[in-house]
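Colleague:
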Amino acid sequence: MPMCCGRKKRHTDEFHEFDREDENDRKQSCWPKALKWTAIIILIIAVLLFLTVFVIFPIIFMESISLQRFVMFPNFDQPENPQYENYALYGAVGVKNMYVTVDDIYTSSSKLSLGVWMVVPEDTIEEAENDPNFDFIQELRRTKKPIIIYFHGNSGTRIYPYPTYQVLRKYFYVVAFDYRGYGDSTDALLSEAAVVSDSMQLYRYVEGLSKSPKIFVWGHSLGTALSTHTLKELRKQGTVPSGLILEAPFTTMREEIVYHPLGKIFAWLPWFEPTVLDPLERNKFHFKTTTNILDVDCPIMILHAEDDSVIPYFLGEKLYEIAKDNRQEKQGPVSYHQIPAKYRADHLEITSHSEVPQWIEEFLEVARNWHRGF
Numbered sequence: 001m002p003m004c005c006g007r008k009k010r011h012t013d014e015f016h017e018f019d020r021e022d023e024n025d026r027k028q029s030c031w032p033k034a035l036k037w038t039a040i041i042i043l044i045i046a047v048l049l050f051l052t053v054f055v056i057f058p059i060i061f062m063e064s065i066s067l068q069r070f071v072m073f074p075n076f077d078q079p080e081n082p083q084y085e086n087y088a089l090y091g092a093v094g095v096k097n098m099y100v101t102v103d104d105i106y107t108s109s110s111k112l113s114l115g116v117w118m119v120v121p122e123d124t125i126e127e128a129e130n131d132p133n134f135d136f137i138q139e140l141r142r143t144k145k146p147i148i149i150y151f152h153g154n155s156g157t158r159i160y161p162y163p164t165y166q167v168l169r170k171y172f173y174v175v176a177f178d179y180r181g182y183g184d185s186t187d188a189l190l191s192e193a194a195v196v197s198d199s200m201q202l203y204r205y206v207e208g209l210s211k212s213p214k215i216f217v218w219g220h221s222l223g224t225a226l227s228t229h230t231l232k233e234l235r236k237q238g239t240v241p242s243g244l245i246l247e248a249p250f251t252t253m254r255e256e257i258v259y260h261p262l263g264k265i266f267a268w269l270p271w272f273e274p275t276v277l278d279p280l281e282r283n284k285f286h287f288k289t290t291t292n293i294l295d296v297d298c299p300i301m302i303l304h305a306e307d308d309s310v311i312p313y314f315l316g317e318k319l320y321e322i323a324k325d326n327r328q329e330k331q332g333p334v335s336y337h338q339i340p341a342k343y344r345a346d347h348l349e350i351t352s353h354s355e356v357p358q359w360i361e362e363f364l365e366v367a368r369n370w371h372r373g374f
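Taking the UniProt record's numbering, I'd label the letters of the sequence shown as residues 1 to 374.
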């Protein structure tokens, strides 16, 4: 019996060993098939992803003016859930929130409300903070400081650039506003023409309140195109501001979008021009600062950072060269300041650079001298 049992066990072990070898053979033969199907699935996903991103999306963009409008005016709230009356939340002092009513160019009977921050000059902060009856409008009327109207970029609200206001208020009474559809301004159809129309009316409002003849304009990023276009249109009405400062400007939207981080993803495509650039032109998202700047009659200062990751500095440099070479002398001088990359100013920290206050002071002197001979 023991021998029989031992023989049977040996036969069983040999059977299981054979079965394991057979199973291993089957597994080994299945691996190439599994890899093959995995590769096929990955390839299919990659093709579908390519078609979706680089073919379908450009076609949708070409046909959708709403998508084009969103790309031009991505009106995200920055900071999130903004509280315009709660200045302390943002470390803001000497600030007053208010609203200015303007006419909508698309509907003559409609009125829009633009949210505005009035930021008093540095030497008036203490009075504004300690006097419960302090009148910000009256201060705008009586201030001896020049006034500056601030045009922000294409994302964020009037709260976001407060660190820049801190620099500007050393020299100006700052009026910062949100475009239609931004912040708590009236949600209305966004276009270059509409924002320019609203901005012209805001300028007229400030001009009507102030006794100071010195009104400057500061634009950042997309705000450089909007502010320049606004001053071009105001010139037709005989209005000449004291000066224009362009922080991180570009030449035209057609040229800028090629270098924008989002645009770079698609710029290599053979169909990029007909599906992206041409539709923006057709729908009047021009932002042609290269031509608008030639119809602005006041001194202009351009600031740009070499490491700007959103708008490359050479577009600001190109705009400077165009303005310098094509504007008439009587229109006012143009200056250009480039911040070296080592300071890491990028797109949003230009006004934190240590030399900006000196450049502003020099520009104010240039503007004073120019207006004496104007």
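Beta carbons: idealized from backbone N, C-alpha and C, even for Gly.
1. Counting only the same chain and skipping the five closest in sequence on each side, list residues whose C-beta sits under 6 Å from that of Asn326.
2. Between Phe172 and Thr228, what straight-line distance do the alpha-carbon atoms span, to the nearest angstrom?
3. Within 10 Å of its beta-carbon, does Pro261 have 16 or more other beta-carbons around it, so buried, or fewer, so exposed?
4. Taking the CB atoms as reference points, tell me whether His337 and Ala345 lie closer together than 8 Å.
5. Kindly indicate which residue of Tyr259, Pro279, Phe57, Ile339 has the alpha-carbon position closest to the one of Trp356.
6. Less than 7 Å between C-beta atoms, sequence neighbours within five positions excluded: which residues of the same chain meet that for Glu281?
7. What separation, rounded to the nearest whole angstrom, lies between the Cα atoms of Ile125 and Arg158?
8. Would the region 188 to 200 and the region 122 to 142 be scored as touching if the rule is three or more Cβ pairs under 8 Å?
9. Using a threshold of 8 Å, state whether the C-beta atoms of Met62 and Thr252 are closer than that.
10. How far does the alpha helix (DSSP H) with Lys111 in it reach, from first residue to last?
11. Would you kindly report the start and end of the unbroken alpha helix (DSSP H) that includes Lys229?
12. If you run the structure through DSSP and keep just helix, strand and coil, what is Gly263?
13. For the ligand ADP, is there any heavy atom lying closer than 7 Å to the beta carbon of Val356?
14. I need the DSSP call for Glu139, collapsed to helix, strand or coil.
15. In this structure, how does DSSP classify Asp295 when only helix, strand and coil are distinguished?
16. Counting C-beta neighbours from all protein chains within 10 Å, is the total for Met1 16 or more, i.e. buried, or is it exposed?
17. Enumerate in chain order the residues of its own chain whose CB-to-CB distance from residue 407 is below 6 Å, with the five nearest sequence positions on each side excluded.
18. Check each candidate in Ile302, Ser185, Lys144, Pro58 and name the one with the smallest Cα separation from Tyr99.
19. Where does Gly278 land, buried or exposed, given buried means 16+ other C-beta within 10 angstroms?
20. Any Cβ of chain C within less than 8 Å of the Cβ of Phe50?
21. Since Leu231 and Val174 should fall inside the 8 Å C-beta cutoff, what is the C-beta to C-beta distance between them, to a whole number of angstroms?
22. Assuming Gly181 contacts Leu190 under a Cβ cut-off of 8 Å, what Cβ separation, rounded to an integer in Å, is found between them?
23. Quick check for students: name the residue ranges of the alpha helix (DSSP H) that lie wholly in the region 26 to 86, counting only runs of 4 or more.
24. Using the Cα positions of Pro312 and Leu49, report the straight-line distance between them to the nearest angstrom.
25. Measuring straight from C-alpha to C-alpha, what distance separates Pro121 and Ile148?
26. Using the C-alpha atoms, what's the distance from Pro241 back to Glu365?
27. For Lys96, write down the residues that DSSP places opposite it in a beta bridge.
28. Answer yes or no: do Trp117 and Val95 have a C-beta to C-beta separation smaller than 8 Å?
29. Taking the runs of the beta strand (DSSP E) that are 3 residues or longer, which of them lie wholly in the region 309 to 367?
30. Looking at the secondary structure, which residues open and close the alpha helix (DSSP H) in which Ile125 lies?
31. Taking all protein chains shown into account, do 16 or more other C-beta atoms lie within 10 angstroms of the C-beta of Asn75, making it buried, or fewer, making it exposed?
32. Among all the DSSP beta bridges, which residues are the ones paired with Leu303?
33. Under 8 Å by Cβ, that's how I've got Ser335 and Phe363 pegged, so tell me the actual separation to the nearest angstrom.
34. Assuming the contact rule is C-beta atoms closer than 8 Å, Phe151 and Trp218 should be a hit. Round their C-beta distance to whole Å, please.
Modeller: Once the coordinates are examined:
1. Leu294
2. 19 Å
3. exposed
4. no
5. The sequence given here places Val at residue 356; Trp does not occur at that position. For Val356, the nearest C-alpha among the options comes from Ile339.
6. Arg254
7. 19 Å
8. no
9. no
10. From DSSP, Lys111 is part of no alpha helix (DSSP H) but of the beta strand (DSSP E) over 111 to 119.
11. The amino acid occupying residue 229 in the given sequence is His; Lys does not appear at that position. 222 to 235 is the extent of the alpha helix (DSSP H) around His229.
12. helix
13. This structure lacks the ligand ADP, and indeed carries no ligand of any kind.
14. helix
15. helix
16. The predicted model places Met1 with a pLDDT of 41, which falls under 50 and marks its position as unreliable, so this point remains unresolved.
17. The requested residue 407 does not occur in the structure, where the chain is confined to residues 1 to 374.
18. Ser185
19. The residue asked about is misnamed: residue 278 is Asp in this sequence, not Gly. Result: exposed.
20. Chain labels in this structure do not include chain C; a single protein chain is all it has.
21. Leu231 to Val174, Cβ: 18 Å. No contact.
22. 5 Å
23. 57 to 63, 65 to 72
24. 29 Å
25. 11 Å
26. 15 Å
27. Met118
28. yes
29. 334 to 339
30. 125 to 130
31. buried
32. Glu247, His337
33. 7 Å
34. 7 Å
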